[in-house]
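Right, here's the structure in full:
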């Protein structure tokens with residue numbers, strides 16, 4: 001399973017990866033995008049993983065060598081109707097004073113303490129004005145300062161104000177910037193400003209919006225789509241990285257919305273992007289069974305965005321549905337695939 | 001999940017069912033006129049106008065149980081009958097085939113081309129029946145009307161909904177194993193070569209632009225796959241070259257269709273939950289079924305038409321053995337329609353079931369001798 005890097009030994013930062021011990025799952029991963037969330041807890045020598053199976057999601061903890069320790073199944077609240085409602089995403093939100101686990105579904109939004117043990121908040125989706133042909137769901141989760149932002153089927157992004165502790169969570173704002181269902185949301189602390197974050201939201205038509213957080217969120221830039229869903233999005237040092245259904249990764253300047261780089265990265269729809277922010281490594285995973293690792297940077301001369309391909313990994317016969325780095329330096333990553341009952345782990349040699 | 005998925009699921013599974021029945025009818029040397037009648041009757045029931053109307057309403061997918069019951073009825077819409085073991089095998093083959101087709105679709109939208117491939121082949125089965133042909137064309141028109149306007153994002157949701165339905169199904173199909181499209185562990189082979197989907201570029205290129213949008217640099221990288229450009233898009237018209245081979249009849253070269261019961265599925269949790277679904281839900285499903293069956297009207301044949309039994313296995317012994325050795329977690333629980341408590345509904349359903357039954361045959365299989373005698377009588 002080791003794939004040689006294309007660039008060879010000239011950059012000492014480039015590594016080769018090998019398969020490490022897999023973590024077994026109780027239920028196989030569903031064919032959703034962004035279907036793996038990882039919470040790194042180096043202080044406790046633990047990593048938490050979250051995977052959606054369908055009507056349930058599994059959160060589990062593992063030791064650094066991949067040995068599973070504890071696991072828990074979460075379900076959608078209030079399963080009324082003929083069939084059990086399905087979960088769309090599970091994601092840890094790291095806030096200044098606490099970590100919450102957020103679960104979105106076709107019913108609403110559930111927020112738990114970080115180990116999934118106690119539900120602290122439930123928000124039911126309002127499907128009032130949805131036409132009968134429209135699927136109603138929440139999807140897209142990110143922490144932005146002391147806010148948690150969640151996307152919906154209508155394109156609206158719900159902004160929840162989270163207190164330092166306790167369940168007194170309040171829906172403080174609804175952002176209108178999209179007309180089609182939200183797919184993903186990403187955030188990072190704003191450049192040179194304390195307590196303020198930048199956020200990028202993406203939707204099914206491929207449109208992106210860049211926001212600045214605050215008591216009221218402000219729309220900074222709008223990047224039009226081209227008819228292909230943008231399934232996953234990341235934000236790093238003012239660079240928006242967007243993965244699309246046609247296998248392309250685009251890198252935009254967040255402040256202006258200008259397209260700087262277009263990568264023909266994959267042969268099928270991209271399902272996940274992830275960043276190792278310490279080193280600017282970007283990971284892209286797609287239904288074509290490949291995971292690629294890229295190095296983002298800015299040119300010292302003109303500040304233009306640059307990218308370099310570092311590594312490609314073929315996960316044979318697996319339609320990848322989630323992929324995340326497992327440490328801030330990007331020296332290890334984990335992958336989930338449709339129908340797979342394990343989390344695959346890769347570490348550098 | 002998407003409320004636009006059921007028509008695609010139903011039509012494609014139905015198409016696969018017809019491919020398999022056609023192959024078995026020929027393999028078992030059923031006389032041409034009888035075989036044609038069976039296929040015609042099933043297709044006529046499938047494409048019944050009222051049935052289609054019900055199917056195309058925006059709704060969640062039916063449970064696996066409800067869907068299996070519908071195909072059970074459909075397979076018995078004519079003079080042919082199948083034992084439980086053969087029906088189970090038929091359903092296994094249908095579902096694995098369509099799962100394969102959905103998984104390998106280059107674009108989510110290509111599931112529509114797969115559907116059109118099935119419809120094109122169905123029209124081939126009923127060339128000499130203009131009324132049924134018209135019904136199929138009508139369904140074609142409905143598909144184009146509904147799915148022609150759907151966005152790429154919605155097709156992605158439809159694909160995810162279908163894959164959710166097929167999740168954890170790993171039955172090994174001999175024809176797939178032989179063609180190396182399925183591994184011995186039941187997982188499908190996902191090739192990393194061949195044409196990219198229409199609208200996707202071959203991976204391996206990085207293009208850099210300046211602030212004015214002009215391309216300033218091109219870099220190549222090693223992708224790892226072996227892809228080529230797609231040379232043509234499949235046609236979504238009533239007639240046309242679909243380009244995609246998924247959904248065409250893979251049984252036309254007559255090959256025995258065996259399944260291996262891959263009972264060693266590690267995660268029984270999801271399937272067990274399905275089969276012990278609480279009773280309150282059953283009533284909802286019965287409502288759906290009742291409405292659907294209301295659309296499945298069959299004209300009673302004018303005279304006594306001797307039925308026959310189709311075997312999906314090579315011998316009767318094989319069929320008996322398969323019935324006994326089917327792993328517990330793979331048993332399909334067909335909905336027992338008599339179980340409802342609502343008296344009015346019971347009467348209505350009984351009436352519908354009565355219309356659908358052509359011959360009053362007991363559910364238990366008759367002895368081998370009787371079957372052979374019955375078949376010999378028809379020669």
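Residue numbers (UniProt numbering), protein chains in the order written: chain A, 1 to 349; chain B, 1 to 379.
Where is the CB? At the ideal position from N, CA and C, for every residue including glycine.
CA nearest to the CA of residue i, picked from the options
i: residue 124 of chain B; options: B/43, B/151, B/316; result: B/43
i: residue 44 of chain A; options: A/53, A/64, A/56; result: A/64
i: residue 77 of chain B; options: B/47, B/156, B/41; result: B/41
i: residue 142 of chain A; options: A/107, A/124, A/202; result: A/202
i: residue 27 of chain B; options: B/87, B/1, B/128, B/314; result: B/314
i: residue 216 of chain A; options: A/236, A/206, A/160; result: A/160
i: residue 162 of chain A; options: A/156, A/72, A/170; result: A/170
i: residue 64 of chain B; options: B/203, B/36, B/91, B/309; result: B/91
Chain B contact residues for residue i, given Cβ-Cβ distances below 8 Å
i: residue 184 of chain A; result: Neighbours of residue 184 of chain A on chain B: none; closest Cβ ~12 Å, over 8 Å.
i: residue 352 of chain A; result: Outside the shown range of chain A (1 to 349) lies residue 352 of chain A, about which nothing can therefore be said.
i: residue 32 of chain A; result: 160
i: residue 317 of chain A; result: 183, 187, 188, 189, 190
Interface residues of chain A facing residue i [CB-CB closer than 7 Å]
i: residue 227 of chain B; result: 267
i: residue 142 of chain B; result: Within chain A, no residue comes near residue 142 of chain B; the closest Cβ sits about 14 Å away, beyond 7 Å.
i: residue 405 of chain B; result: With chain B covering 1 to 379 only, the question about residue 405 of chain B has no answer from this structure.
i: residue 58 of chain B; result: 132, 133
i: residue 224 of chain B; result: 3, 290, 312, 314
i: residue 208 of chain B; result: 260, 261
Separation of residue j from residue i, as counted between CA atoms
i: residue 241 of chain B; j: residue 59 of chain A; result: 47 Å
i: residue 246 of chain A; j: residue 169 of chain B; result: 27 Å
i: residue 324 of chain A; j: residue 19 of chain B; result: 42 Å
i: residue 98 of chain A; j: residue 187 of chain A; result: 17 Å
i: residue 130 of chain B; j: residue 45 of chain B; result: 15 Å
i: residue 117 of chain A; j: residue 49 of chain A; result: 14 Å
i: residue 228 of chain B; j: residue 196 of chain B; result: 6 Å
i: residue 300 of chain B; j: residue 235 of chain B; result: Interpretation of residue 300 of chain B is limited by its pLDDT of 46, a score under 50 that renders its predicted location unreliable; the figure taken from the coordinates is listed afterwards. Rounded to the nearest angstrom, the two C-alpha atoms are 39 Å apart.
i: residue 246 of chain B; j: residue 180 of chain B; result: 15 Å
i: residue 33 of chain A; j: residue 214 of chain B; result: 32 Å
i: residue 333 of chain A; j: residue 326 of chain A; result: 5 Å
i: residue 134 of chain A; j: residue 232 of chain A; result: 22 Å
i: residue 136 of chain B; j: residue 144 of chain B; result: 12 Å
i: residue 212 of chain B; j: residue 105 of chain B; result: 37 Å
i: residue 224 of chain A; j: residue 243 of chain A; result: 14 Å
i: residue 204 of chain A; j: residue 230 of chain A; result: 6 Å
i: residue 300 of chain A; j: residue 306 of chain A; result: 10 Å
i: residue 288 of chain A; j: residue 315 of chain A; result: 9 Å
i: residue 330 of chain A; j: residue 177 of chain B; result: 38 Å
i: residue 347 of chain A; j: residue 19 of chain A; result: 7 Å
i: residue 339 of chain A; j: residue 76 of chain A; result: 21 Å
i: residue 279 of chain A; j: residue 253 of chain A; result: 18 Å
i: residue 307 of chain B; j: residue 97 of chain B; result: 28 Å
i: residue 175 of chain B; j: residue 193 of chain B; result: 22 Å
i: residue 284 of chain A; j: residue 116 of chain B; result: 33 Å
i: residue 87 of chain A; j: residue 177 of chain A; result: 24 Å
i: residue 213 of chain A; j: residue 239 of chain A; result: 17 Å
Interface partners of residue i on chain A, CB under 8 Å
i: residue 201 of chain B; result: 246, 247, 248, 264
i: residue 94 of chain B; result: Within 8 Å Cβ-Cβ: nothing; residue 94 of chain B doesn't reach chain A, min ~18 Å.
i: residue 204 of chain B; result: 264
Proximal residues of chain B, C-beta to C-beta of residue i below 9 Å
i: residue 277 of chain A; result: By Cβ distance, chain B contributes nothing, its closest Cβ being about 22 Å from residue 277 of chain A, past 9 Å.
i: residue 273 of chain A; result: Per Cβ cutoff of 9 Å: no residues; residue 273 of chain A is ~15 Å from chain B at best.
Neighbour list for residue i in chain B, Cβ cutoff strictly below 7 Å
i: residue 227 of chain A; result: 152
Beta-carbon neighbours of residue i, restricted to chain A and to distances below 9 Å
i: residue 4 of chain B; result: 133, 135
i: residue 28 of chain B; result: Per Cβ cutoff of 9 Å: no residues; residue 28 of chain B is ~34 Å from chain A at best.
TODO: Can you check the UniProt repeat "WD" (263–297) of chain A for any beta strand (DSSP E) of at least 3 residues that lies completely inside it and give the ranges in chain order?
DONE: 270–276, 281–286
- [ ] Could you please tell me which residues of the region 324–338 of chain A, in chain order, have their CB closer than 7 Å to any CB of chain B?
- [x] 338
Open item on the list: So within the region 70–131 of chain A, which uninterrupted beta strand (DSSP E) runs reach at least 3 residues, ignoring any that extend past its ends?
Closed with: 87–94, 99–105, 108–113, 119–124
Task: Within 8 Å of chain D by C-beta, residues of the region 176–196 of chain B in sequence order - done: In summary, chain D is missing from the structure at hand, where the protein chains are A and B.
Task: Complete alpha helix (DSSP H) runs within the region 139–172 of chain B (minimum length 4 residues, chain order) - done: Taken in chain order, the complete alpha helix (DSSP H) segments of 4 residues or longer contained in the region 139–172 of chain B are 152–165.
- [ ] Check each residue of the region 49–63 of chain A: if its Cβ is closer than 9 Å to any Cβ of chain B, include it; give the result in chain order.
- [x] 53, 54, 55, 56
TODO: Only counting runs of 3 or more residues, tell me where the beta strand (DSSP E) segments fall wholly within the region 21–65 of chain A, in order along the chain.
DONE: Counting only runs of at least 3 residues, the region 21–65 of chain A fully encloses the following beta strand (DSSP E) elements, listed from N- to C-terminal order: 37–41, 46–52, 56–62.
Open item on the list: Tell me which residues of the region 160–176 of chain B have at least one Cβ-Cβ distance to chain A shorter than 8 Å, keeping chain order.
Closed with: 160, 163, 164, 167, 168, 170
- [ ] Could you list the residues in the region 202–228 of chain A with a C-beta less than 7 Å from some C-beta on chain B, going in chain order?
- [x] 204, 205, 227, 228
TODO: Report the residues of the region 44–78 of chain B with a CB closer than 7 Å to any CB of chain A, ordered along the chain.
DONE: 58, 60, 63
Open item on the list: Threshold first: 4 residues or longer. Then list the alpha helix (DSSP H) segments lying entirely within the region 62–95 of chain B, N to C.
Closed with: Correct list: 64–75.
Open item on the list: Which residues of the region 166–183 of chain A have a Cβ closer than 7 Å to any Cβ of chain B? Give them in chain order.
Closed with: Answer in chain order: 180, 181.
Open item on the list: Which residues of the region 87–100 of chain A have a Cβ closer than 8 Å to any Cβ of chain B? Give them in chain order.
Closed with: none
- [ ] Using a Cβ-Cβ cut-off of less than 7 Å, give me the residues of the region 18–45 of chain A that come near chain B, in sequence order.
- [x] Those would be 26, 27, 28, 30, 31, 32, in chain order.
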